[in-house]
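Shown next, in structure tokens, is the structure this report addresses.
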Amino acid sequence: MVHLVLYQPEIPQNTGNAARTAAALGFPLHLIRPLGFRLNDPRLRRAGLDYWPHVDLRVHEAWEAFLQALPPGARVWAFSARAQRGLYEVRFQEGDHLLFGPETRGLPPEVLARLPGVRIPMPGPVRSLNLAVALGVAAYEAYRQLRG
């Protein structure tokens with residue numbers, strides 16, 4: 001399986017939609033604190049609809065706690081509009097972690113410096129995609145490669 005990871009997400013509706021995608025694919029969803037909302041936020045629950053029982057949700061207290069929880073040899077792909085490697089150049093493997101930053105600022109430079117970066121192609125005038133949309137695009141590409 002592939003792991004979906006949100007670093008300090010800020011908008012509950014995006015996280016709820018990410019949870020729906022995780023449930024649809026059977027991928028775990030990791031949230032790295034601090035969060036911009038409470039886990040019992042009605043907006044989060046509404047966006048995830050009645051799929052929450054099917055979400056393998058893992059909450060990490062901080063970035064370092066997430067890193068410590070990674071199994072040996074785990075690959076973490078940092079998604080960023082500034083990355084050089086395109087999504088379709090990556091060959092995903094079982095156990096990969098797809099990491100996405102907060103909506104208003106993306107992943108911090110110190111995180112991006114430690115990990116291989118991936119960008120989603122956007123040939124139009126848009127600078128970036130909505131977090132839930134970007135996660136969905138990447139998650140389904142990983143799924144296509146591994147199980148499609």
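With UniProt numbering, the residue at position 147 of the sequence shown is 147, and numbering never jumps. We put the CB at the ideal spot given by N, CA and C, even for glycine.
Simplified DSSP assignment, three categories, for residue i
| i | result |
| --- | --- |
| G73 | coil |
| R58 | strand |
| V2 | coil |
| F79 | strand |
| R119 | strand |
| G86 | strand |
| F92 | coil |
| L146 | helix |
For residue j and residue i, the rounded distance between their alpha carbons
| i | j | result |
| --- | --- | --- |
| P108 | P53 | 32 Å |
| A134 | Y88 | 14 Å |
| R82 | L49 | 33 Å |
| Q13 | D56 | 18 Å |
| Q8 | N40 | 16 Å |
| G36 | E103 | 10 Å |
| R46 | L115 | 33 Å |
| V118 | L99 | 10 Å |
| A24 | Y140 | 10 Å |
| S128 | P72 | 32 Å |
| Y51 | H30 | 16 Å |
| Q142 | E10 | The question names Gln, but residue 142 in the sequence shown is Ala. About 24 Å. |
| G101 | L6 | 6 Å |
| M1 | L67 | 18 Å |
| R38 | V76 | 26 Å |
Integer-rounded CB distance, given that residue j should sit under 8 Å from residue i
| i | j | result |
| --- | --- | --- |
| V59 | R91 | Contact doesn't hold; Cβ gap of about 29 Å is too wide. |
| residue 149 | P123 | Residue numbering for the chain in the displayed model covers 1 to 148; residue 149 lies beyond these limits and cannot be assessed. |
| H97 | A74 | 6 Å |
CA nearest to the CA of residue i, picked from the options
| i | options | result |
| --- | --- | --- |
| A62 | P28, V111, L129 and P12 | V111 |
| S80 | I11, L70, R38 and A138 | A138 |
| H3 | P9, E10, A19 and I11 | A19 |
| residue 170 | W77, Q145, A113 and G95 | The question about residue 170 has no answer, for the chain in this structure spans 1 to 148. |
| P42 | T15, R144, N130 and L67 | T15 |
| T21 | L70, L131, A78 and R105 | L131 |
Limits of the unbroken alpha helix (DSSP H) element including residue i
| i | result |
| --- | --- |
| L112 | P109 to L112 |
| L39 | That residue, L39, is in no alpha helix (DSSP H); it is neither H nor E in DSSP. |
| L31 | From DSSP, L31 is part of no alpha helix (DSSP H) but of the beta strand (DSSP E) over L29 to I32. |
| N17 | P12 to L25 |
beta-carbon residue i near the ligand ATP non-hydrogen atom, thresh 6 Å
| i | result |
| --- | --- |
| R46 | Looking for the ligand ATP in the displayed structure turns up nothing, as the structure carries no ligands at all. |
Extent of the continuous beta strand (DSSP E) to which residue i belongs
| i | result |
| --- | --- |
| residue 151 | The first residue shown for the chain is 1 and the last is 148, placing residue 151 beyond what the model contains. |
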